[in-house]
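Numbering (my numbering), first residue to last: 2 to 402.
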Amino acid sequence: MLEFEAALARVLAAVPASTSETIPLSDAAGRLLAELVRAPIDLPVFDNSAMDGYGVRAADVAAARPDAPVRLRLAGKVAPGAAFAGEVTAGTCIRLFTGAPLPPGADAVVMQEDTRLDPNAIGEVLILAPAEAGDYVRPRGEDVQRGSLLAEAGEALTAGRLGLLAAVGFPRVCVGRQPVVGLLATGSELREPGQTLAPGQIYESNRPALMMLLQRAGALPRAFPLVADDPAATNRALADAFNQCDVVVTSGGVSVGELDFIKGAFEQMGGELQFWKVAIKPGRPFVFGRCRGKLLFGLPGNPVSALVTFLLLVRPALLRWQGARNVALPVHPGVLAEPLVNDGERRHFMRVRVDAVGKVYSAGIQASHMLSSLAAATGLVDVPAQATLPAGTPVLVLRWE
Ligand code: AMP
Ligand code: MG
2 MLEFEAALAR
12 VLAAVPASTS
22 ETIPLSDAAG
32 RLLAELVRAP
42 IDLPVFDNSA
52 MDGYGVRAAD
62 VAAARPDAPV
72 RLRLAGKVAP
82 GAAFAGEVTA
92 GTCIRLFTGA
102 PLPPGADAVV
112 MQEDTRLDPN
122 AIGEVLILAP
132 AEAGDYVRPR
142 GEDVQRGSLL
152 AEAGEALTAG
162 RLGLLAAVGF
172 PRVCVGRQPV
182 VGLLATGSEL
192 REPGQTLAPG
202 QIYESNRPAL
212 MMLLQRAGAL
222 PRAFPLVADD
232 PAATNRALAD
242 AFNQCDVVVT
252 SGGVSVGELD
262 FIKGAFEQMG
272 GELQFWKVAI
282 KPGRPFVFGR
292 CRGKLLFGLP
302 GNPVSALVTF
312 LLLVRPALLR
322 WQGARNVALP
332 VHPGVLAEPL
342 VNDGERRHFM
352 RVRVDAVGKV
362 YSAGIQASHM
372 LSSLAAATGL
382 VDVPAQATLP
392 AGTPVLVLRW
402 E
């Protein structure tokens, strides 16, 4: 049986090199950059005002006080999106709004609150406070210098990065291609929610959960119809999914029960099984295979096992497919508010709930058919075999919400 890290390494090694496509920035939310990005321009683009106020020559107003205002002639006004053609010469100032370019000659901004208009002298402004060169000026290039590194290949386009790339003028961006992932649920006992259950039947619950996780991992998911426990039906369904998709994720039918057909169907298609057991709980039966550059992930049917093995072993592969640098689940430190006990022989990724201050609670009963604890959980804690982590233990929580 493979250790988790060895299994993950084998999965990642089998992922084909990522390919890229150029798409509009407006469609790129959450996508992974395929190339290093440098700034083509400075930000701010030009020296500009940080305030609504007046552009001045600092030397002119060095002695300004509320009781000894300095009187400047108003040389003009810069409307939003415009620039002043002239120069601010000695004894003059210019009306500016936040973000307006500072005209040549001006080297400081006096905020409007430190000025007064003289009703008896139209076209003049009384400056009530002194300014030093640079006051309330946002200098060109202060934020980003032309040519500087903005983001590297494999980094995700977060809202902040999208804003940054738009601000330096990129209409398009080169990102990793997303894998098309077929999702199959196997089991003759399964019915779609909304149908009537006959004795022995249950509602299928893995596809809705996995669809969401596939989307979150940046994949393009395609849900396939339910597959009965029958070799011919399994062969057809798997072949169909592999024809249409880059990666196929199945649930159920991978353990040692005699109704477990996924492995056989995959080998019959010419697929090459890489491994089918990983030493983790939940989710020991886990099939990984390759078939002509495409990947098969056969997840166990138990809902908890399916979801946890997806997060630990499939999500990283889908991210790597798109060229991600970091494929691990986000990790947050926390402290156990109650003990976590693993009396089993395998390490157990236990479902936990983390409160707002980082206290970590068990999400409920940890058996792998328990959907209520899955729904309550926001993360996993890796508990070694035959170990008790007492309350107060600092832990790293793998987060997935
Ligand atoms: P299997 O891995 O096929 O042996 O299934 C293990 C357990 O998970 C059985 O109790 C199945 O009924 C259940 N199960 C399998 N697939 C699903 C599914 N898609 N939705 C809900 N339960 C499932
Ligand atoms: Mg089954």
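Built from N, CA and C at the ideal position, the CB exists for glycine as well.
Compare the Cα-Cα distances from Leu103 to each of Arg141, Val228, Leu13 and report the closest residue.
The residue with the shortest Cα to Cα distance from Leu103 is Arg141.
Assign Pro143 to one of three DSSP states: helix, strand, or coil.
In the sequence as displayed, the identity of residue 143 is Glu instead of Pro. Under the three-state reduction of DSSP, Glu143 is assigned to coil, being neither helix nor strand.
If you reduce the DSSP assignment to three classes, tell me which class Gln269 lands in.
In the three-state DSSP reduction, Gln269 falls in the helix class (H, G or I).
Rounded to whole angstroms, what's the CA-CA distance from Val138 to Pro131? Just pull it up for me.
Each residue's alpha carbon lies about 15 Å from the other.
Can you have a look at Leu118 and say buried or exposed, based on whether 16 or more other CB atoms are within 10 angstroms of its CB?
With fewer than 16 other Cβ atoms within 10 Å, it is exposed.
Determine the closest residue to Ala64 out of Arg11, Glu133, Phe289, with distance taken between C-alpha atoms.
The shortest CA-to-CA distance from Ala64 to any of Arg11, Glu133, Phe289 is the one to Glu133.
Below 8 Å on the Cβ atoms is my contact criterion, and I expect Gly393 with Val336 to pass it. Report the Cβ-Cβ distance as a whole number of Å.
Right, the Cβ-Cβ distance comes to about 6 Å (below 8 Å), so this counts as a contact.
Run the proximity test for Asn303: is its beta-carbon closer than 6 Å to any non-hydrogen atom belonging to the ligand ATP?
As presented, the structure is devoid of the ligand ATP, carrying the ligand AMP and the ligand MG as its sole ligands.
Please report the residue range of the alpha helix (DSSP H) in which Glu6 lies.
In the DSSP annotation of this structure, the continuous segment of the alpha helix (DSSP H) that includes Glu6 starts and ends at 5 to 15.
Measuring from the CB of Gly294, is there a heavy atom of the ligand MG at a distance below 6 Å?
No, Cβ of Gly294 sits at least 6 Å from all heavy atoms of the ligand MG.
Going by the C-beta, is Gly254 closer than 6 Å to any heavy atom of the ligand MG?
Yes, Cβ of Gly254 sits closer than 6 Å to a heavy atom of the ligand MG.
Regarding Gly188 and the ligand MG, is the C-beta to nearest heavy atom distance less than 6 Å?
Result yes, Cβ under 6 Å from the ligand MG.
Buried or exposed, going by whether 16 or more other CB atoms sit within 10 Å of the CB of Asp136?
By the neighbour-count rule (16 or more Cβ atoms within 10 Å), Asp136 is buried.
Residues near Val71 in its chain [Cβ-Cβ closer than 6 Å; skip 5 each side]:
Once the five neighbours on either side are set aside, the close Cβ partners of Val71 are Val62, Ala65, Ile128.
Does the region 187 to 200 come into contact with the region 224 to 241, if we say contact requires no fewer than three beta-carbon pairs (one atom in each stretch) closer than 8 Å?
These segments touch.
Counted within 10 angstroms of its Cβ, other Cβ atoms place Asn207 as buried (16 or more) or exposed
Counting of Cβ neighbours within 10 angstroms places Asn207 among the buried residues, the total reaching 16 or more.
Got a sec: does the ligand AMP put a non-hydrogen atom nearer than 6 Å to the Cβ of Ser21?
Answer for Ser21: no, Cβ out of range of the ligand AMP.
Drop a sphere of 10 angstroms on the beta-carbon of Gln323, count the other beta-carbons inside from all chains shown, and report buried for 16 or more, exposed for fewer.
Its Cβ being crowded by 16 or more others within 10 Å, Gln323 is buried.
If distances are taken between C-alpha atoms only, which option among Phe243, Ala29, Phe98 comes closest to Glu156?
For the residues Phe243, Ala29, Phe98, the minimum Cα distance to Glu156 belongs to Ala29.
Out of Pro301, Met371, Ala76, Gly92, state which residue places its alpha-carbon closest to the alpha-carbon of Arg58.
Considering only alpha carbons, the answer is Gly92.
In chain order, what residues of the same chain lie with their CB nearer than 6 Å to the CB of Lys78, ignoring the 5 residues before and after it?
If the five residues before and after Lys78 are omitted, its C-beta is found closer than 6 Å to the C-beta atoms of Arg96, all from its own chain and listed in chain order.
Does Val62 come out as helix, strand or coil in the three-state DSSP assignment?
Helix at Val62.
Using the Cα positions of Ala376 and Leu198, report the straight-line distance between them to the nearest angstrom.
Looking at the backbone, the Cα of Ala376 and that of Leu198 are separated by about 23 Å.
Can you tell which of Gln113, Val46, Asp68 has its C-alpha closest to the C-alpha of Gly82?
Selected option, being the one with the closest Cα: Val46.
Applying the 10 Å Cβ sphere with the 16-neighbour rule, what's the burial state of Ser374?
Within 10 angstroms of the beta-carbon of Ser374 lie 16 or more other beta-carbons, which makes it buried.
I think Arg178 touches Ser27, with their Cβ atoms under 8 Å apart; what is that distance to the nearest whole Å?
With 8 Å as the limit, Arg178 and Ser27 do not qualify as a contact, their Cβ atoms being about 18 Å apart.
Between Ala15 and the rest of its own chain, which residues show a CB-CB distance below 7 Å, the 5 nearest in sequence each way excluded?
Excluding positions up to five away in sequence, the list reads Gln275, Arg291, Leu296.
Any idea which residues DSSP pairs Tyr362 with across the strands?
Beta-bridge partners of Tyr362 (DSSP): Arg354.
Where Gly219 sits in the DSSP three-state scheme
In the structure shown, Gly219 falls within a coil segment according to DSSP collapsed to helix, strand and coil.
Is Gly170 a contact residue of the ligand MG, with contact defined as CB to any heavy atom under 6 Å?
No, Cβ of Gly170 sits at least 6 Å from all heavy atoms of the ligand MG.
Quick one: does the C-beta of Gly155 sit closer than 6 Å to a heavy atom of the ligand AMP?
No.
Using three-state DSSP, classify Pro334 as helix, strand or coil.
Three-state result, Pro334: strand.
I need the DSSP call for Pro395, collapsed to helix, strand or coil.
Three-state DSSP puts Pro395 in a strand.
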